[in-house]
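Have a look at the structure below, then the notes.
Chains as they are written, first to last, in the numbering used here: chain A, 12 to 282; chain B, 12 to 282.
Okay, here's the thing in structure tokens:
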């Protein structure tokens, strides 16, 4: 079995060119194989989440980023379908509200972090503050440049205080995005997902690639690694995210709290 | 097929005696039948939740109440297992924090309500403010007595502004609770669920029954009905909650937003 975490992790301190990373890499797996593998991973994820929740001491935070149509929603729906909603907190970050803008950009993110025992999933995240903010000139270069350090320090805090942080960049090719946007255009059932804004970001594709590369290079750390997940094939994308998340849960190895129960005494209390 | 919503709904204005309601009522269904029925209900719930989320105009709030060991956690885990975590918000209400106590008792509840497009599930709720608060004398009689009106007005607000409210009382017998607490005592894997506090509330069983009856009678309304769900059999409990929730979603009949897409124009925007 290939070690997907190893295969897709951005080594801290390395430089990467997204153009060199194959968006159709299947890691030597077939769709048929992955069906069974995913099923097994989901069952184990359910069991470990339950223990994490019962333990109540640590948290897991999964960050999902990617170009439009890369499949952030689909990943949550499929890769994490076995999670118990009690103990799971999904937060979608949209354009900040005026109340949020009245604080620093990490304020709303911190507020949305999972509590001990929870699995948190961010659909977009604080990385937008060095992506869309940079490409769309929503802040000066001086402002967004110093944010990589803030982000690393923030994620270090989360890590040190008991939250395991995993970050997935869903790596979609421009051609595959075209196919997916065409589907949205042609299928009335998907029209509600159609957003002309998706076309804007497509026109600035190269700038986004550059911004992503900087974020991946500067913010892939031992304590909060980035993974570049090939996203042209949904089944590989879902499985890779699920598998790497399960690896992290297995390393955390959450334990049911040991509670000493005096059986005789407890029985006597029951009328 | 029995109409479970009809069967278990507390008719607004009626008076009820929980002792007269069978905690083992199976509604004429068998465990085997229910396995397939639940599977079908869960699939439909997933589809309708997706539409509710896409529609983004209304919300659904499910309130779960019941004595200790009645199965609130299990209901969330099983009855709602098919829900997409993105679009589901589970909130467990515990003893209020000092910050929460610095506000009125509905403040934290209001804050935890689902947003448009979401399914919210309350594991315990504002009803604790007329249950444990009443039985344990945490507020004066004068204080808790006027809360039924607050609660009805609050739920009316939610209803009027687009949130469908369903409230389930998981009706467990004292004998079955005994069996379940014994299991927790004897199974080391369940020791972490053991809480001596559960025994306290058991010793005040009759007072809790009285407090529940008042809440069910005074706060079962057309806009936010209470359902008394027989809870001695987990499979019937899970199915009944899921089925009645699906009924509500079917009545809501959420629609995908209609977005007018000019296909030719959109295609031309794709390079």
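Cβ atoms here follow ideal geometry from the backbone N, Cα and C, with glycine treated the same way.
Between residue 162 of chain B and residue 272 of chain A, the gap from beta carbon to beta carbon reaches 8 Å or more.
Collapsing the DSSP output to three states places residue 76 of chain A in a strand. For residue 152 of chain A, the secondary structure class from DSSP, reduced to helix, strand or coil, is helix.
Under the Cβ criterion of 8 Å, residue 97 of chain B is counted among the residues facing chain A. When Cβ-Cβ separations below 8 Å define contact, residue 114 of chain B makes no contact with chain A. Among the residues of chain A, none has a CB under 8 Å from the CB of residue 30 of chain B; the nearest is roughly 17 Å distant. Distance from residue 240 of chain B to residue 95 of chain A at the Cβ level is roughly 20 Å; contact not present, criterion being Cβ atoms closer than 8 Å.
Identification of chain B residues near residue 192 of chain A by a Cβ-Cβ cut-off of 7 Å yields 281, ordered along the chain.
Sorting A/104, A/113, A/109 and A/114 by C-alpha distance to the C-alpha of residue 124 of chain A places A/104 at the top. Under the three-state reduction of DSSP output, residue 109 of chain B falls in the helix class. If only uninterrupted alpha helix (DSSP H) runs of at least 4 residues are considered, those enclosed by the region 129-212 of chain B are 143-146, 152-156, 158-171 and 185-197. By alpha-carbon distance to residue 246 of chain A, the top candidate from A/144, A/30, A/22 and A/34 is A/34. Legend: CB atoms of the region 105-135 of chain B lying less than 8 Å from CB atoms of chain A belong to residues 132 and 134.
When the Cα atoms are used, residue 58 of chain B and residue 24 of chain A turn out to be separated by approximately 44 Å.
In this structure, residue 199 of chain B sits away from residue 69 of chain B, with a CB-CB distance that is not shorter than 8 Å.
DSSP places residue 28 of chain B in the coil class of the three-state scheme, outside both helix and strand.
In the DSSP annotation of this structure, the continuous segment of the beta strand (DSSP E) that includes residue 99 of chain B starts and ends at 99-103. Taking the Cβ atoms as the reference, residue 193 of chain B lies roughly 7 Å from residue 281 of chain A, within the contact range of under 8 Å. For residue 265 of chain B, no CB of chain A lies under 8 Å from its own CB, so it is not counted at the interface with that chain.
A distance of 8 Å or more separates the beta carbons of residue 206 of chain A and residue 90 of chain A. In the DSSP annotation of this structure, the continuous segment of the beta strand (DSSP E) that includes residue 239 of chain A starts and ends at 237-241.
Burial of residue 100 of chain B is indicated by the presence of at least 16 other C-beta atoms within 10 angstroms of its C-beta.
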